[in-house]
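Top line first, the protein sequences correspond to chains A and B.
With this note's numbering applied, the first sequence corresponds to residues 252 to 448, in that order.
With this note's numbering applied, the second sequence corresponds to residues 252 to 448, in that order.
No residue lacks a Cβ here, since even glycine has one placed at the ideal position from N, Cα and C.
Protein chains: 2
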Amino acid sequence: MSEKLSRAETADARRKHIVETAAICFVEQGFHQTGIRDIAKRAGVSLGNIYNHFGGKTELIAEIATLEAEELAELQEGLTTNTDPLAALETFVERYLKLCSQPENAALTIEILAEAMRNPVIVEGFLTNRDSLLLALEDQIAAIRKLSGGNPDIPDRDCAKFTLDLIEGLSMRIAFSERKPSKRELNSLKRAVKRLV
Amino acid sequence: MSEKLSRAETADARRKHIVETAAICFVEQGFHQTGIRDIAKRAGVSLGNIYNHFGGKTELIAEIATLEAEELAELQEGLTTNTDPLAALETFVERYLKLCSQPENAALTIEILAEAMRNPVIVEGFLTNRDSLLLALEDQIAAIRKLSGGNPDIPDRDCAKFTLDLIEGLSMRIAFSERKPSKRELNSLKRAVKRLV
DNA sequence: AGATTATGAGCGAACGATCGTTCATTATGT
DNA sequence: ACATAATGAACGATCGTTCGCTCATAATCT
Numbered sequence: 252m253s254e255k256l257s258r259a260e261t262a263d264a265r266r267k268h269i270v271e272t273a274a275i276c277f278v279e280q281g282f283h284q285t286g287i288r289d290i291a292k293r294a295g296v297s298l299g300n301i302y303n304h305f306g307g308k309t310e311l312i313a314e315i316a317t318l319e320a321e322e323l324a325e326l327q328e329g330l331t332t333n334t335d336p337l338a339a340l341e342t343f344v345e346r347y348l349k350l351c352s353q354p355e356n357a358a359l360t361i362e363i364l365a366e367a368m369r370n371p372v373i374v375e376g377f378l379t380n381r382d383s384l385l386l387a388l389e390d391q392i393a394a395i396r397k398l399s400g401g402n403p404d405i406p407d408r409d410c411a412k413f414t415l416d417l418i419e420g421l422s423m424r425i426a427f428s429e430r431k432p433s434k435r436e437l438n439s440l441k442r443a444v445k446r447l448v
Numbered sequence: 252m253s254e255k256l257s258r259a260e261t262a263d264a265r266r267k268h269i270v271e272t273a274a275i276c277f278v279e280q281g282f283h284q285t286g287i288r289d290i291a292k293r294a295g296v297s298l299g300n301i302y303n304h305f306g307g308k309t310e311l312i313a314e315i316a317t318l319e320a321e322e323l324a325e326l327q328e329g330l331t332t333n334t335d336p337l338a339a340l341e342t343f344v345e346r347y348l349k350l351c352s353q354p355e356n357a358a359l360t361i362e363i364l365a366e367a368m369r370n371p372v373i374v375e376g377f378l379t380n381r382d383s384l385l386l387a388l389e390d391q392i393a394a395i396r397k398l399s400g401g402n403p404d405i406p407d408r409d410c411a412k413f414t415l416d417l418i419e420g421l422s423m424r425i426a427f428s429e430r431k432p433s434k435r436e437l438n439s440l441k442r443a444v445k446r447l448v
């Protein structure tokens, strides 16, 4: 059944497997409490071989930070729709909450944030993707406001930032207590966002 | 000018000095990239002497986490006033924003958060003080709502949490770019909070 | 085609550095 | 004198990384 894999294919698969295993280790123990040996052992790979696929620990961390940032890009695509913009915003809130409130994602995000505080490379990748998401959200809010015709006293961009703040804050609370968002929490969140726009 | 200090006093001062130095190191390098030797060298203290004042690195981290948590307690006291509750809320927003947006505090908070993800002792101290602050803020919001007489569709407690989320989110953005909050940002924040209550 | 060379994945011992911690010893205030 | 603050060498463990090596595959040549 299984095709015979070429050398490049198995190498890519191996590399991917190492990254995924490293991510698990980092979530469980944090970047700097995870040794290369931990990753190698858990991935079923020799210690030295990791250095055949990655330049070093720093490169591994950077790669995982990039992967995490790219998850946001997927969310962003589903944002701009032609239908009711308010409904689209609501589904975005739900999707972003669901993503952020997964404990593994939350843990990794905090770890990346701590790392970004000292590593300019990581902070750049983090901010770039975030700004992109922010811009899309800003447009969405502008569209909603144009329809409702109000005269909001909070700039679109600030409003977009606040919206993400609300979702992320709730996400942290949920992730920390390792539960699912309750109906009440989700409703409160949606109402809060609606009040902002 | 300087009084002659008793032995116990110098010991306490020394201890305090070590804690403060450790905090600086932790902010700059993170908990797990800071060695005891780094702290000792920077504090002008011998390596072994640190273990005369602290049980070990873990204890040092826990102590700093506690100190950081206790900073919230001070804020909380100024919250409940008999005068205009809405004005009191506004000054709270300003004060909390000012506190959280200091880069050292922000960095330490993230570090503590990451640590709390794996250390139950730290997560407890963190949540305890935060719940206390949250309760005070909840009461404040309840008082405001009673005056305005509206029928809010967001529970007081959720509203309090969201308020902290907004302040903390903006704080992170400010701390990350190492600047002061602009007038526009502060105004947007206040307006957003007002919309929530 | 078959033979030959080049490539790089995979391995684990070994390296030097650094880690948190302990300990015997000295200095100092009471 | 006694208790304790202060010291830095020393310990074992672990860190990230490098090393020489094997071997299956890919590329090149005849």
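Taking 7 Å as the cut-off, the Cβ atoms of residue 294(B) and residue 272(B) count as close. The beta-carbon distance between residue 443(B) and residue 413(A), rounded to whole angstroms, is 5 Å. This is short enough to meet the 8 Å contact definition. Between the segment 395-408 of chain B and the segment 371-381 of chain B, the count of C-beta pairs closer than 8 Å stays below three; the two stretches do not touch.
When the beta-carbon positions are compared, residue 346(B) and residue 330(B) stay at least 7 Å from each other. If you ignore the 5 residues before and after residue 354(A), its C-beta comes within less than 6 Å of the C-beta of 426, 429, all in its own chain and listed in chain order.
Contact annotation for residue 364(A) against chain B: 361 [CB-CB distance below 7 Å, chain order]. In terms of beta-carbon proximity, residue 439(B) lines the interface with chain A, with at least one pair separated by less than 7 Å. Of all residues in the segment 286-305 of chain B, none comes within less than 9 Å of chain A when Cβ atoms are compared. Taken atom to atom, the span from the alpha-carbon of residue 373(A) to that of residue 387(B) is near 37 Å. Taking a beta-carbon distance threshold of 7 Å, residue 388(B) does not count as an interface residue toward chain A.
Within its own chain, the residues whose Cβ lies closer than 6 Å to the Cβ of residue 323(B), once the five positions on either side in sequence are excluded, are 380, 384, listed in chain order. DSSP places residue 420(A) in the helix class (H, G or I) of the three-state scheme.
Rounded to the nearest angstrom, the Cβ distance from residue 270(B) to residue 314(B) is 6 Å, consistent with a contact under 8 Å.
By the criterion of a C-beta distance shorter than 6 Å, residue 367(B) is surrounded in its chain by 373, 374, 377, once the five residues flanking it on both sides are discounted. In the same chain as residue 280(A), and ignoring 5 residues on each side of it, the C-beta atoms closer than 8 Å to its own belong to 289, in chain order. Between residue 307(B) and residue 352(B), the alpha-carbon positions lie close to 30 Å from each other.
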